[in-house]
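A.B. asks:
Numbering (the working numbering), first residue to last: 26 to 222.
(1) Taking DSSP as the reference, what is the three-state secondary structure of residue 212?
(2) Entirely within the region 96-175 and at least 4 residues each: give me those alpha helix (DSSP H) ranges in chain order.
(3) Alpha carbon to alpha carbon, what distance is there between residue 47 and residue 86?
(4) For residue 177, does the three-state DSSP call read helix, strand or coil?
(5) Which runs of the alpha helix (DSSP H) fall wholly inside the region 44-100 and span at least 4 residues, in chain order?
(6) State the Cα-Cα distance for the pair residue 177 and residue 106, rounded to the nearest angstrom.
(7) By alpha-carbon positions, which one of 205, 120, 88 and 115 ends up nearest to residue 45?
(8) Can you name, in chain order, every residue of its own chain whose Cβ lies under 8 Å from the Cβ of residue 63, other than the five neighbours on each side?
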């Protein structure tokens with residue numbers, strides 16, 4: 026499942042952010058502290074403080090990244106199991122083309138859930154751990170354009186998939202493997218006579 030990639034990506038981002046914050050905090054603390062302790066050898070004290078700051082920042086980044094990655098992976102795996110009955114129902118009806126974890130952007134909230142490409146529509150269902158719990162069904166005949174945006178915490182990762190509808194409205198999603206999503210959606214649209222460039 027591609028949510029493993031998402032968990033790894035998030036853990037790397039979170040680990041780097043925590044390492045950077047720890048490093049900046051340590052930069053204010055360690056060099057001055059060791060400079061005071063080794064006041065006779067001020068330069069060596071400051072250098073020792075900087076070295077300790079780098080070591081602590083790297084260790085904190087790795088530890089936080091690993092812990093966060095494991096938590097996110099377990100959360101995503103649990104959510105994948107919650108959507109298994111929905112997936113199996115679509116599969117049993119013979120209408121499932123493709124599915125995977127996705128976020129639907131609603132204002133500032135990336136509403137987490139699962140998205141399905143069906144024979145006649147694009148269907149998103151959020152999980153219950155969101156503020157804006159909802160379902161969204163877009164008829165394939167109503168899709169006019171698919172474009173890629175920098176997204177995923179909108180703007181940090183290249184994972185945004187924007188679906189423009191016939192009336193001009195754009196539904197924004199964050200997905201893994203957006204090129205695969207685009208291909209699957211376009212193929213499904215073609216089968217219903219909607220040929221998207």
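We put the CB at the ideal spot given by N, CA and C, even for glycine.
C.D. replies: Well, looking at it:
(1) Looking at residue 212 - three-state DSSP - the assignment turns out to be helix.
(2) Within the region 96-175, the complete alpha helix (DSSP H) runs of at least 4 residues are 109-117.
(3) Whole-angstrom Cα-Cα distance: 8 Å.
(4) Low local confidence applies: a pLDDT of 48 at residue 177 is under 50, so the model's placement there is unreliable, with the coordinate-based value given in what follows. Of the three classes helix, strand and coil, the one that applies to residue 177 here is coil, per DSSP.
(5) Annotation note: the region 44-100 contains no uninterrupted alpha helix (DSSP H) run of length 4 or greater.
(6) At residue 177, the pLDDT of 48 sits below 50, so the modelled position is not reliable and the matter cannot be decided from this model.
(7) When each option's Cα is compared against that of residue 45, the closest is 88.
(8) Non-local C-beta neighbours of residue 63 in its own chain, meaning closer than 8 Å and more than five positions away in sequence, comprise 69, 70 and 73, ordered along the chain.
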